[in-house]
Amino acid sequence: MHVTQKCQYALRAVFELAKRAGQGPVKIAEIADVQAIPSRFLEMILIQMKQGGFVASQRGRDGGYLLVRRPGELTVGEVMRFIQGPLGPVDCVLQQQNCKCPLYGGCVFLPMWHRAQRAMSEVYDTTTFDDLLSYDTAGEEYKPCYSI
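Per my numbering, residue -11 is the first one in the sequence shown, and the count goes up by one each step.
Right under this line is the structure:
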């Protein structure tokens, strides 16, 4: 499964907001700078995330964005599905009703694709942003890779 650049940016933005949860609104420029996200693109992503109920915004000089839920209540899978749609390794697993593959239903690979989808979903749906925060502060050598 390919995670789009937009989805990576959304995850990093939510992560940055999770790091600053309880400290008040965070400006787009701060998030963009720390997480290496183009500000114009980040602005569009945050507007979409606001419409989805993930973040809220405050106007004014001290305004910015903040998470609506606590980091421990928000999973990576929720954000990914909202930004990118269903999670799965191949289209026939995602669009079973509309699968155009002539082998669908008798495909030897289908059980494997379903197992891969369940494994991915399990990882993404059980990883909260609180979990990511604990990885970030675990004292291990942390070197962000922005070209995932």
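We treat Cβ as the ideally placed atom computed from N, Cα and C, and that holds for glycine.
Kindly indicate which three-state DSSP category residue 23 falls into: helix, strand or coil? Sequence index remark: in the sequence shown, residue 23 carries index 35 (1-based). Residue 23 falls in the helix class under three-state DSSP.
By the 10 Å Cβ neighbour count, where 16 or more other Cβ atoms means buried, how is residue 136 classified, buried or exposed? Within the sequence shown, numbered from 1, the residue matching residue 136 stands at position 148. Model confidence at residue 136 stands at a pLDDT of 42, short of 50, so the residue's coordinates are unreliable; what they give is reported in the following sentence. The residue is exposed, with fewer than 16 neighbouring Cβ atoms inside 10 Å.
Euclidean distance between Cα positions of residue 69 and residue 50: Residue mapping note: residue 69 aligns to position 81 of the sequence shown, counting from 1. Residue mapping note: residue 50 aligns to position 62 of the sequence shown, counting from 1. Going from the Cα of residue 69 to the Cα of residue 50 covers about 31 Å.
For the segment 48 to 63 against the segment 4 to 13, do three or more pairs of beta-carbon atoms, one drawn from each stretch, fall closer than 8 Å, so that the two count as touching? Touching, yes, given that three or more Cβ pairs across the two stretches are closer than 8 Å.
So who's on the other strand from residue 46, going by DSSP bridges? Reading the sequence shown from its first residue, position 58 is the one you call residue 46. Partner(s): 52.
Throw me the rounded Cβ distance for the residue 64 and residue 5 pair, which I believe falls under 8 Å. For the purposes of this step, residue 64 is taken as residue 76 along the sequence shown, with counting starting at 1. For the purposes of this step, residue 5 is taken as residue 17 along the sequence shown, with counting starting at 1. Taking C-beta atoms under 8 Å as the contact rule, residue 64 and residue 5 fail to qualify, at a distance of about 14 Å.
CB-CB under 8 Å to residue 39, same chain, minus the five flanking residues each way: which ones, in chain order? Looking up residue 39 in the sequence shown gives position 51. Hits under 8 Å: none found.
For residue -10, tell me which candidate among 116, 86 and 79 has the shortest Cα-Cα distance. Taking the sequence shown and counting its residues from 1, one reaches residue -10 at position 2. Of the residues 116, 86 and 79, the one whose Cα lies closest to the Cα of residue -10 is 79.
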